[in-house]
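*Asks:*
Chains as they are written, first to last, in full-length UniProt numbering: chain A, 1 to 239; chain B, 1 to 239.
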């Protein structure tokens, strides 16, 4: 039992060019949606419902849900919180269901519907995730959420970290998987410094949320693997 | 006079997400369309007309044009030739106008229509091209033709070679430009070995056209810069 191939989709806009049959899709939005999703579920959130639009998110109000909305790096006015991992601590999310919409990550998750399984990845759960992926006898597609359909460095470097952990004799890699791995191997000695040149790091620096960058680059602080179950992301063990 | 920014579009399918105003677009299809275009114009071809479809190409027959069509790496049956650079020698193309359709490159050229200027790049003309780009007071968008809208390693590595030559204080790079440069810096010591892992290299090995790979990785064997002028690619000096 091992993955059949590892491919990297560098932007959600390229998803139509990839087969999703017999495929585990791993959605990656390091700054910050999938990092916060991993952290929130690890901290006891019952489920996280990703929705594409702010209006969809609002439709859940008044039913005991926590509503989270981020656009352009900031919490949308009127919402409980956005996608900063510091909002997903146990005291806030334990036992709750969160409805979340973000600029890039939650749309990417929805666009992967059709895959055999859809999970969320981040540095926070990288070992648990790669241990699980190693046992999957399917194709693996690492889907970088990017920024407004453009390539983003941090998501690709994380995809490369997974490639480096999963690659083995006989597992085919596509060109983007080779490239992502090259970038990770260059970056791994000091991820935060390497990613300083990323446009999203600069955006977060301007918004004074650099603590979020350091937080999202921590490895293995949780073991939860978020997986889509119907419309909800839940912990893999909860299925 | 210097470029205002350098961005890299990793697939033609991502072009809708890039501004083309005030932008010089450099189309890159290393294996082999833009390499052969540079070589053919350097060898005296009057012009090369890129068309998207085989049927469009056929419409030019019986008028003295050379017809070139490639799909999936092979010459389409019934055509004078495909996109191997060895078909673009002076004895074949001098004084001729070539109508060319390829799997990826010619479509990418057409999709850049809206840019201030559209030129073709390859290792064969890299110094002439980068010397010219350095004088352009516009944004520069390096457009990788890829393979069927997916990322390709050789086009991205070449984009990175241009970034490495053009980058200077004050010129903004996007994330994909940083990534492309990283890949080029890793690959530059032995381009052909690095690109052996590229899926298109493997495809060409299966088709027994590895001589084309070595040919297309030669640097500075021509100084022609192909530029779109109406529906035709001509030598920049011929405008």
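By construction, the Cβ of each residue, glycine as well, lies at the ideal position given by its N, Cα and C atoms.
Any idea what DSSP makes of residue 61 (chain B), helix, strand or coil?
*Replies:* Looking at residue 61 (chain B) - three-state DSSP - the assignment turns out to be coil, as it is neither helix nor strand.
*Asks:* Can you pull out the residues from the stretch 142-169 of chain A whose beta carbon lies closer than 7 Å to at least one beta carbon of chain B?
*Replies:* Per Cβ criterion, the list reads 148, 149, 150, 151, 152, 153, 156.
*Asks:* Do the stretch 105-119 of chain B and the stretch 207-215 of chain A make contact, defined as three or more Cβ pairs closer than 8 Å?
*Replies:* Short answer: they don't touch.
*Asks:* Would you check if the distance between the CB atom of residue 57 (chain A) and the CB atom of residue 93 (chain A) is smaller than 9 Å?
*Replies:* In this structure, residue 93 (chain A) does not lie closer than 9 Å to residue 57 (chain A) by Cβ.
*Asks:* Mark residue 199 (chain B) as exposed unless 16 or more other C-beta atoms lie within 10 angstroms of its C-beta, in which case mark it buried.
*Replies:* Classification of residue 199 (chain B): buried, given that the 10 Å Cβ count is 16 or more.
*Asks:* CA-CA distance, residue 7 (chain B) and residue 175 (chain B)?
*Replies:* Each residue's alpha carbon lies about 8 Å from the other.
*Asks:* Between the stretch 113-126 of chain B and the stretch 225-238 of chain A, can you find at least three pairs of beta-carbon atoms closer than 8 Å?
*Replies:* Contact fails: fewer than three Cβ-Cβ distances are below 8 Å.
*Asks:* Using beta-carbon positions only, say whether residue 181 (chain B) and residue 173 (chain B) come within less than 9 Å of one another.
*Replies:* The answer is yes: Cβ separation under 9 Å.
*Asks:* With a threshold of 7 Å on Cβ separation, who are the neighbours of residue 40 (chain A) within its own chain once the five nearest residues in sequence on each side are excluded?
*Replies:* Cβ within range, chain order: 48, 88, 93, 98.
*Asks:* Among the residues of its own chain, which have a CB less than 7 Å from the CB of residue 44 (chain B), if the five just before and after it don't count?
*Replies:* For residue 44 (chain B), where only same-chain residues beyond five positions count, the Cβ hits under 7 Å are 90, 93, 94, 95.
*Asks:* At a CB-CB cut-off below 9 Å, which residues of chain A make contact with residue 197 (chain B)?
*Replies:* By Cβ distance, chain A contributes 173, 175, 178.
*Asks:* Helix, strand or coil for residue 33 (chain A) per DSSP?
*Replies:* It is helical.
*Asks:* Three or more beta-carbon pairs under 8 Å between the stretch 60-71 of chain A and the stretch 7-16 of chain B, yes or no?
*Replies:* Taking 8 Å as the limit for Cβ pairs, the verdict is that the stretch 7-16 of chain B does not touch the stretch 60-71 of chain A.
*Asks:* Using a Cβ-Cβ distance cut-off of 9 Å, determine whether residue 207 (chain B) contacts chain A.
*Replies:* Cβ-Cβ to chain A under 9 Å: no for residue 207 (chain B).
*Asks:* Looking at the C-beta of residue 214 (chain B), does it have a partner C-beta in chain A at a distance below 9 Å?
*Replies:* No, its Cβ sits nowhere closer than 9 Å to a Cβ of chain A.
*Asks:* For chain A, check one thing: does any of its Cβ atoms lie closer than 9 Å to the Cβ of residue 13 (chain B)?
*Replies:* Closer than 9 Å: yes.
*Asks:* Name the DSSP beta bridge partners of residue 226 (chain B), please?
*Replies:* In the DSSP output, where bridge partners are listed per residue, residue 226 (chain B) has B:235.
*Asks:* Give, in chain order, every unbroken run of the beta strand (DSSP E) that is at least 3 residues long and sits entirely within the stretch 95-181 of chain A.
*Replies:* Complete beta strand (DSSP E) runs here, min 3: 97-101, 117-121, 139-144.
*Asks:* Determine the contact status of residue 128 (chain A) and residue 27 (chain A), defining contact as a CB-CB distance below 9 Å.
*Replies:* Contact flag unset, no.
*Asks:* Give the straight-line distance between the Cα atoms of residue 162 (chain A) and residue 42 (chain B), rounded to the nearest whole angstrom.
*Replies:* Near 44 Å, if we compare the C-alpha coordinates of residue 42 (chain B) and residue 162 (chain A).
*Asks:* Taking only the alpha-carbon atoms, compute the straight-line gap between residue 236 (chain B) and residue 184 (chain A) and give it to the nearest angstrom.
*Replies:* C-alpha separation (whole angstroms): 39 Å.
*Asks:* Given a cut-off of 9 Å, decide if residue 3 (chain B) and residue 24 (chain B) are closer than it, judged by their beta-carbon atoms.
*Replies:* It is a contact, given that the beta carbons lie within the stated cut-off.
*Asks:* Grouping DSSP H, G and I as helix and E and B as strand, with all else coil, what is residue 70 (chain A)?
*Replies:* Reduced to three states, the DSSP call for residue 70 (chain A) is strand.
*Asks:* For the 8 Å Cβ check, are there 3 or more pairs between the stretch 28-36 of chain A and the stretch 142-154 of chain A?
*Replies:* Counting Cβ pairs under 8 Å, three or more are found: they touch.
*Asks:* Using 9 Å as the limit for Cβ to Cβ distance, is residue 17 (chain A) near chain B?
*Replies:* Residue 17 (chain A) counts as touching chain B.
*Asks:* Taking residue 66 (chain A) as the query, report the chain B residues whose CB atoms sit under 9 Å from its CB, ordered along the chain.
*Replies:* Chain B residues near residue 66 (chain A): none, gap ~31 Å exceeds 9 Å.
*Asks:* Take the Cβ of residue 156 (chain A) as the centre, count every other Cβ of all protein chains shown within 10 Å, and call the residue buried at 16 or more, exposed below.
*Replies:* Buried, since its Cβ has 16 or more Cβ neighbours within 10 Å.
*Asks:* Report yes or no: is there a C-beta of chain A within less than 9 Å of the C-beta of residue 26 (chain B)?
*Replies:* Residue 26 (chain B) does not count as touching chain A.
*Asks:* Give a yes or no on whether the C-beta atoms belonging to residue 159 (chain B) and residue 13 (chain A) are separated by under 9 Å.
*Replies:* No, the pair does not count as a contact, with Cβ atoms beyond the cut-off.
*Asks:* Since residue 59 (chain B) and residue 82 (chain B) should fall inside the 8 Å C-beta cutoff, what is the C-beta to C-beta distance between them, to a whole number of angstroms?
*Replies:* Wrong, their Cβ atoms sit about 18 Å apart, outside the cutoff.
*Asks:* Would residue 36 (chain A) pass as an interface residue toward chain B - the criterion being a Cβ-Cβ separation below 9 Å?
*Replies:* By this cut-off, residue 36 (chain A) is not an interface position.
*Asks:* Buried or exposed for residue 214 (chain A), please, with buried defined as at least 16 other CB atoms from any protein chain shown within 10 angstroms of its CB.
*Replies:* Result: exposed.
*Asks:* Have a look at residue 196 (chain B) and residue 154 (chain B) and give me their C-alpha separation to the nearest angstrom.
*Replies:* Each residue's Cα considered, the two are about 10 Å apart.
*Asks:* According to DSSP, residue 7 (chain B) sits in a beta bridge with which residue or residues?
*Replies:* Paired residues: B:141.
*Asks:* Using three-state DSSP, classify residue 51 (chain A) as helix, strand or coil.
*Replies:* Residue 51 (chain A): coil per DSSP, three-state reduction.
*Asks:* Taking CB distances under 9 Å as the criterion, tell me whether residue 200 (chain A) reaches chain B.
*Replies:* Yes - at least one Cβ of chain B is within 9 Å of the one on residue 200 (chain A).
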